[in-house]
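Each residue of the sequence shown is one higher than the last, beginning at 4 in this note's numbering.
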Amino acid sequence: MNQGIRREIGVQPRGIPDSRHMSVSDHPRPPVDGYSLSRYSRPGFAGAGKNQMSQKHTYSIRCPKCGKEQKVDLYESINVQATPELKTKLMANELNVLTCDDCKLSFRVDKPLLYNDPAHHVMIYLIPMDEQVFDEGEREFADSLQRLTGLLPEGIDTPDVCLVFSRSELVERIFLFDAGLDERIIEYIKYMIYTNNLEKLNPKEKNLLFDAEDSTDEKLCFVVQDAPSRRLESLLHYDRKTYDALAEMFDEDEQTATLLELFPGPHVSARALFLKEPSDPGRPATP
Ligand SMILES: [Zn+2]
């Protein structure tokens, strides 16, 4: 597995403290105070029009190790056409990373972030959210979109914004769009992989991440990640020809409707479909 996919899921190839992977959004429990800002800050959609420049805001963040509070500027939206180096930082897991003045701990703060790539017509909105409360995240997003629609100049449509709930999902989506792939077809393939391997690959416990950097013209690669521990477990290969056949099939209007019915969006996720299934009485209550 190469460095790209390691970074994709927040594993640091170099000697950066472990706490930096405690990232917050993928944590099964409410994060340490000062880590995740998702509940406290409203999505920064103000003026998120196509040509909106990258935006920062100042936050007071408490160090998770020593408790020292400091004021820092964190990105709420990045325009990667205007500022490509912000994309590089995001992909290298260096965006919204700060170092404590006192104990020098380096850690990432996960907060809502709009990724805007106008050149490729890609807008992805990240709301760091526990997987037990995806529904809440979708409602929060719907509220944000209503506000956004009111903010846009007349004649400009609400952009087709993808919604993701974790940084690894965001980075996966960016790789996927950069590779010219369709997120619904990739999620449909994941849906089939889960369905055919329910015994070995329980979607409630295992995450499937598309691995663009190991994929080739012949095969698509997926990484199996244990959701609770975030540990990477194995690589799965999938015949690229099947993707092409599906892309062709879903090109027909009727089939596209089927795909849209399965994944209406804005959060397109095969795993979320399984997580939503009510057949899980043992699900822990959310605090
Ligand atoms: Zn500190």
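The beta-carbon is built from N, C-alpha and C at its ideal position, and this holds for glycine as well.
- For Glu236, the enclosing beta strand (DSSP E) begins and ends at Leu235 to Asp242.
- Annotation: Tyr246 to Ile188 spans about 7 Å, alpha carbon to alpha carbon.
- 8 Å or more divides the Cβ of Gln73 from the Cβ of Ala122.
- The beta carbon of Lys68 sits closer than 7 Å to at least one heavy atom of ligand 1.
- Within the DSSP bridge table, the entry for Arg111 names Val100 as partners.
- For Ile130 against Glu143, the beta-carbon gap comes to about 6 Å, under 8 Å, which counts as contact.
- Cys224 has its Cβ no nearer than 7 Å to any heavy atom of ligand 1.
- At a cut-off of 7 Å, the beta-carbon of Asp181 does not count as near ligand 1: no heavy atom of the ligand is closer than that.
- When C-alpha distances from Leu108 are compared across Ala182, Gly70 and Pro115, the shortest belongs to Gly70.
- Per DSSP, reduced to three states, the secondary structure at Gln258 is helical.
- Using a C-beta cut-off of 8 Å, the region 165-175 makes contact with the region 267-282, since at least three inter-stretch Cβ pairs fall below that distance.
- Contact annotation, Leu249 with Tyr191: C-beta distance approximately 7 Å; criterion of less than 8 Å satisfied.
- Comparing alpha-carbon positions, the option among Leu148, Leu223, Leu211 and Thr198 lying closest to Leu184 turns out to be Leu223.
- Asn96 and Met56 do not touch by the CB rule: their CB atoms are close to 23 Å apart, not below 8 Å.
- Per the coordinates, the alpha-carbon of Val227 lies some 14 Å from the alpha-carbon of Glu202.
- Residue side-chain check: Leu101 keeps its Cβ at 7 Å or more from all non-hydrogen atoms of ligand 1.
- Going by DSSP, Thr61 is part of the beta strand (DSSP E) stretching over Gln58 to Arg65.
- The DSSP assignment places complete beta strand (DSSP E) segments of no fewer than 3 residues inside the region 183-240 at 209-214 and 222-229, in order along the chain.
- Taking Glu208 as the centre and dropping the five residues before and after it, the same chain places the C-beta of Asp229, Ala230 and Pro231 closer than 8 Å to its C-beta, in chain order.
- Under the three-state reduction of DSSP, Met252 is assigned to helix.
- Distances from the CB of Lys71 to the heavy atoms of ligand 1 include at least one below 7 Å.
- Scanning Lys244, Arg111 and Thr91 for the CA closest to the CA of Asn99 turns up Arg111.
- The continuous beta strand (DSSP E) containing Lys74 extends over residues Glu72 to Asn82.
- In this structure, ligand 1 has a non-hydrogen atom nearer than 7 Å to the beta-carbon of Leu108.
- Under the three-state reduction of DSSP, Asp105 is assigned to coil, being neither helix nor strand.
- Within the chosen limit of 7 Å, ligand 1 does not reach the beta carbon of Asp254 with any heavy atom.
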